[in-house]
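Novice: In the UniProt record's numbering, the protein residues as written are 1 to 109.
Before I ask anything, let me first share the structure, which is written out below as structure tokens.
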């Protein structure tokens, strides 16, 4: 199952977190999950055309550049100017672990 993560901080006020006694606002994140070819990328891009949000790719293969056809990666034209992170940014000759993904996403969020 593939997924796309949408940073939705700009959708509205941050949620309060009373569970830890702290009422700090937290950024909102929407995770879109589903099987290959179900329209996750299209939905994320459609949301981004209505709200000022960015897309963080969470597909383990689409993170690699040069595998566009194999992974059915959205083209620059299909991205409609919406900022995409971790989409075709890693050389396929390199290993990209879950830790690498976490470390790459933290500066974005």
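Glycine included, each C-beta is placed from N, C-alpha and C at the ideal position.
What you are looking at is a predicted structure, and each value in this text was computed from that prediction instead of being measured.
How about residue 64 and residue 83: are their beta carbons less than 8 Å apart?
Specialist: Not in contact: residue 64 and residue 83 (Cβ atoms no closer than 8 Å).
Novice: Between which residues of its own chain and residue 61 is the CB-CB distance below 8 Å, once the five residues before and five after are set aside?
Specialist: 67, 70 and 71.
Novice: Short check: CB of residue 73 to CB of residue 86, under 8 Å?
Specialist: Going by C-beta atoms, residue 73 is not nearer than 8 Å to residue 86.
Novice: In whole angstroms, give me the CA-to-CA distance for residue 78 and residue 105.
Specialist: So the two alpha carbons sit approximately 22 Å from each other.
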